[in-house]
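Residue numbers (our numbering): 213 to 291. See structure below.
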Amino acid sequence: MKTLLLTLAVVTIVCLDLGYTLKCRSSRIANRNVVCKKYQTICFHYQVRPYQNTVLTRMGCSDSCPRKDAVCCSSDLCN
213 MKTLLLTLAV VTIVCLDLGY TLKCRSSRIA NRNVVCKKYQ TICFHYQVRP YQNTVLTRMG
273 CSDSCPRKDA VCCSSDLCN
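Printed below as a string of C-alpha cells:
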C-alpha cells in the first residue's frame, strides 16, 4: 500500500505542469530581475537615444523580439 501511494505521488509530480517561467533582467543599474508571464518566452534589451547625450536601455520580457536592433535570448537572465 505504501509503495502504491509513493508511486502515485511520484507520477503526480512528474505529470504536473510545474509551470517553468523565464527570468529576465529589467534594469542594469539596480540589477533587478523579473519573472516573466507564462506566454513571454524571450528576454530582450535595446538602447534608445531620446536626446542627443542620453542613452536609455530597455530590458524585460516579451513574447517576441520587440525590435530589429534588440538583443533577444531565451534563457534565464541572458539579457
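Quick reminder that beta carbons are idealized off the backbone N, C-alpha and C, glycines included. All figures in this text were calculated on a predicted structure; none of them were measured in a lab.
Using three-state DSSP, classify Lys249 as helix, strand or coil. As a first step, residue 249 must be located in the sequence shown, where it is residue number 37. Reduced to three states, the DSSP call for Lys249 is coil.
What whole-angstrom Cβ distance do Cys236 and Asn245 have, given they're in contact under 8 Å? In the sequence shown, residue 236 corresponds to position 24, counting from 1. In the sequence shown, residue 245 corresponds to position 33, counting from 1. Confirmed, Cβ separation roughly 7 Å.
Could you check which residue in Cys284, Leu268, Ala282 has the C-alpha nearest to that of Ile169? Residue 169 is absent from the model: the chain starts at 213 and stops at 291.
Just verifying my parser: in three-state terms, what is the DSSP assignment at Leu289? One-based indexing of the sequence shown puts residue 289 at position 77. Here Leu289 sits in coil by DSSP.
Could you please give the first and the last residue of the uninterrupted beta strand (DSSP E) stretch that includes Tyr258? Position 46 of the sequence shown, counted from the first residue, corresponds to residue 258. First-last of the beta strand (DSSP E) with Tyr258: 254-263.
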